[in-house]
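See below for the structure under consideration.
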Amino acid sequence: DYLLYQNYPNPFNPVTKIHYEVPSKSFVQLKVYDMLGREISTLVNSSKDAGDYILEYDASSLSSGIYFYKMQAGNFSAIRKMVVIK
C-alpha cells in the first residue's frame, strides 16, 4: 500500500524527516502548503520505484506556524500536518 507517515520530529526546528512508501513504480508528488493552501515547496515530483523513502525537509526559510504536506501517487492522496517552531 501507499503510505505517508507523520513527520518526525513534530514540532521541529528547522529540519524534519518525512517517510513514505510506494508499493509499485509510480509518479509521486509531495508538496508543502501553508494554512491558506498556498504551495510553499515541491519535495518530490518524479517517478519512484517501489520502496521505502525518507527525506529531510529543511524549513529554515519558513516562519513559525502550521503547515501541511500532501502526497499524491496513482489514485492515492494523503495530507499530514506539521508544526514549525522557531
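If you're matching positions, the sequence shown starts at 3 in this note's numbering and goes up one per residue. We put the CB at the ideal spot given by N, CA and C, even for glycine. Please read all numbers here as calculations on a predicted model, not as lab measurements.
Within 7 Å, strictly: CB atoms of residue i and residue j
| i | j | result |
| --- | --- | --- |
| ILE70 | TYR35 | The identity of residue 70 in the sequence shown is Phe, whereas the question assumes Ile. In contact: PHE70 and TYR35 (Cβ atoms closer than 7 Å). |
| TYR22 | MET84 | no |
| SER49 | PHE29 | yes |
| ASP54 | PRO25 | no |
| LYS88 | GLU58 | no |
Through-space distance from residue j to residue i, alpha-carbon basis
| i | j | result |
| --- | --- | --- |
| TYR7 | ILE56 | 10 Å |
| GLU41 | LYS33 | 7 Å |
| SER66 | MET37 | 12 Å |
| ASN47 | GLN31 | 5 Å |
| ILE68 | ASP51 | 31 Å |
| PHE14 | SER63 | 13 Å |
Residue environment, residue i, which counts as buried when at least 16 other CB atoms sit within 10 Å
| i | result |
| --- | --- |
| ALA75 | buried |
Cβ neighbours of residue i in the same chain (closer than 6 Å, five flanking residues each side left out)
| i | result |
| --- | --- |
| ALA61 | PRO16 and VAL86 |
| ALA80 | LEU6 and MET73 |
Cutoff 8 Å; reference residue i; Cβ partners in own chain excluding five residues on either side
| i | result |
| --- | --- |
| LEU45 | ILE20, LEU32, LYS33, VAL34, LEU57, TYR59 and TYR71 |
Neighbourhood of residue i by C-beta, 7 Å cutoff - its chain only, sequence neighbours within 5 removed
| i | result |
| --- | --- |
| PRO11 | THR18 |
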